[in-house]
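With the working numbering as the guide, the letters of the sequence shown map in order to residues 19 to 405. Here a beta-carbon is modelled for each residue, glycine too, at the ideal position from N, C-alpha and C. A short write-up of the structure that comes next.
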Amino acid sequence: MDNGTMNMKRKQKGFSLIEIMVALVISLVLMAGVLTIFVSSKRTYSLQAELATLQDNARFVMDDMTYGLRMAGYYGCSTALPANAAAINLDKPRIEVQNNVLIKNANDGVLGKNSTSSVAKSDILTIRYYANRLILNPAPTDLLQAESVAELTTLRADLLAEQLAINAVFDDPNDNVFPLDVNSIKPAVNSNITISDCGGSVAYKVTKVDGNDISVARIIAGSTGVIAKFGRTYAWPVEVFANVTETKYEVKGIDTNNDGVFNSAIDGYALYKTDPNCTATTNCNMIPFIEGVENMQIRLGVDTDSDGAPNQYLELPATANSVIVAIKITLLMRTNNKRNDLIDATATEFALDPAVTTYNPSKIANFDYEVGYRHRLFTTVIRIRNN
């Protein structure tokens, strides 16, 4: 029997196509946001890492130069060159600066890409001092080794014995033999050495090496002759040096992508330094020291009123008798890797020095080789101890 009641179908449940599309759009927007944050964070981290490396490199260069400049002119206790220095080519400046030298490539050829650059010239710094000290017998006593009063008393006695022994070795100006410690490096026959105390220093030629005993002949100033004797007495503390350490710093262009060409935009710059393992007295090779140094400017701090402080910084002193008390170093550093996301970076001018054209990497003459790189300028002033 029909009771007039209709059986309604249950309503179907689910997502419509429009709802699914809306959800997908929202998901894509969220994913795009997350991806943007990820890319931005990665780019920021990469840039910060490069800038941190650049800053570390600059600090490392400054520290290395600081050590050398503070040692510059150290020729023993008297800080004076040997009286016969000219006879063995030692009468060179303790600090030598060559201003505004064209930047070369690593093979010392012309760096073509700098032909139109406003920063095509850099300075060259050379530092000279005695560093290769030979150890006399008896060896120097170090009072700082004492850990107790008893040890200090013993070391003081050893120091007194050392003084007496050293004085006895060098108390006869007609003698010409002195002993080295068994652990000391031995000089080669016919090499030049310098013996120094607080009264001055003299250069000698090594004539014989017999075990630890070294025989020398005094080099006659103004000639090539020698005399087989000390020619003077020496008193403790006495130091013997093998030769003058000469360290040279120079900016050069490098072949970053190893294609044999130094003039492409990707090729960078590096600071070259004299090979520290070179034992020759002249013509040592230079090796890459730190990448990213694009330009170096050196200025000499001159004390004009004898108060021990620099009054002006010059390329070269006005007179030969000018007192140099400090060195001002300015480094223009460049990141090593080119970044395409830095094309619209803010243009910045770097005032290397009032005597040098202000450098702007974004200028037309420089842009093709500098776009995509970050630059930073670092300046420090180093006091000279042996001025």
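Cα-Cα, which of the options is closest to residue i?
| i | options | result |
| --- | --- | --- |
| Gln73 | Tyr387, Thr353, Val187, Ile347 | Thr353 |
| Asp199 | Ile184, Leu178, Val207, Cys296 | Ile184 |
| Ala369 | Leu349, Tyr267, Glu388, Asn384 | Leu349 |
| Asp160 | Ile142, Tyr148, Gln181, Ser140 | Gln181 |
| Lys139 | Lys131, Ile121, Ile153, Arg151 | Ile121 |
| Leu395 | Gly86, Ile347, Ser45 | Ile347 |
| Leu162 | Leu154, Leu173, Arg357 | Leu173 |
| Gly2 | Glu257, Arg236, Gln66 | This structure cannot settle anything about residue 2, because the visible part of the chain is limited to 19 through 405. |
| Ala67 | Gly243, Asn355, Lys223 | Asn355 |
| Tyr147 | Val57, Ala179, Ala98 | Ala98 |
| Val220 | Ser59, Pro191, Glu312, Thr62 | Pro191 |
| Phe385 | Asp371, Asn132, Arg151, Gly217 | Asn132 |
| Lys60 | Gly127, Arg357, Thr366 | Arg357 |
| Cys302 | Val262, Glu388, Asp277 | Val262 |
| Pro294 | Asn329, Tyr267, Phe280, Leu318 | Tyr267 |
| Gly197 | Leu35, Glu165, Asn155, Tyr222 | Here residue 197 turns out to be Pro, not Gly, going by the sequence shown. Ranking the options by Cα distance to Pro197, first place goes to Asn155. |
| Cys216 | Ala239, Pro100, Ser282 | Pro100 |
Please report the residue range of the beta strand (DSSP E) in which residue i lies.
| i | result |
| --- | --- |
| Arg394 | 393-401 |
| Asp193 | Careful: Asp193 lies outside any beta strand (DSSP E) and carries neither H nor E. |
| Val207 | No beta strand (DSSP E) holds Val207; DSSP gives it neither H nor E. |
| Lys291 | 287-292 |
| Asp8 | Residue 8 is absent from the structure shown; the chain starts at 19 and stops at 405. |
| Lys110 | That residue, Lys110, is in no beta strand (DSSP E); it is neither H nor E in DSSP. |
| Thr144 | 139-148 |
| Phe259 | 257-259 |
| Asp160 | Looking at the DSSP string, Asp160 is not in any beta strand (DSSP E), and its letter there is neither H nor E. |
| Ala235 | 231-237 |
| Tyr2 | Shown here, the chain extends from 19 to 405; a query on residue 2 therefore has no answer. |
According to DSSP, is residue i part of a helix, a strand, or is it coil?
| i | result |
| --- | --- |
| Lys131 | helix |
| Lys60 | helix |
| Glu312 | strand |
| Glu165 | coil |
| Phe385 | helix |
| Ser45 | helix |
| Leu370 | coil |
| Leu332 | strand |
| Thr71 | helix |
| Gly409 | The structure shown does not extend to residue 409, since the chain spans only 19 to 405, so no value can be given for it. |
| Tyr85 | helix |
| Val263 | Looking at the sequence itself, residue 263 is Thr, so the reference to Val does not match. Thr263 falls in the strand class under three-state DSSP. |
| Val341 | strand |
| Thr54 | helix |
| Leu99 | coil |
| Arg317 | strand |
| Asp176 | helix |
| Ile153 | coil |
| Phe280 | coil |
Are residue i and residue j closer than 8 Å when you measure CB to CB?
| i | j | result |
| --- | --- | --- |
| Ile316 | Ile345 | yes |
| Thr292 | Asp285 | no |
| Pro205 | Cys95 | no |
| Thr17 | Phe259 | Look at the range of the chain in this structure, 19 to 405, and you will see that residue 17 is not part of it. |
| Ala76 | Met314 | no |
| Thr265 | Ile145 | yes |
| Tyr290 | Met304 | yes |
| Glu257 | Arg403 | no |
| Val234 | Val207 | no |
| Leu129 | Gly271 | yes |
| Val119 | Ile153 | no |
| Val195 | Ile232 | yes |
| Ile342 | Gly310 | no |
| Tyr252 | Phe188 | yes |
Within the continuous alpha helix (DSSP H) that includes residue i, where are the two ends?
| i | result |
| --- | --- |
| Ile113 | Ile113 -> not in any alpha helix (DSSP H); beta strand (DSSP E) instead, spanning 113-120. |
Worksheet item: Does the stretch 84-100 come within contact of the stretch 109-120, defined as at least 3 CB pairs closer than 8 Å?
Response: yes
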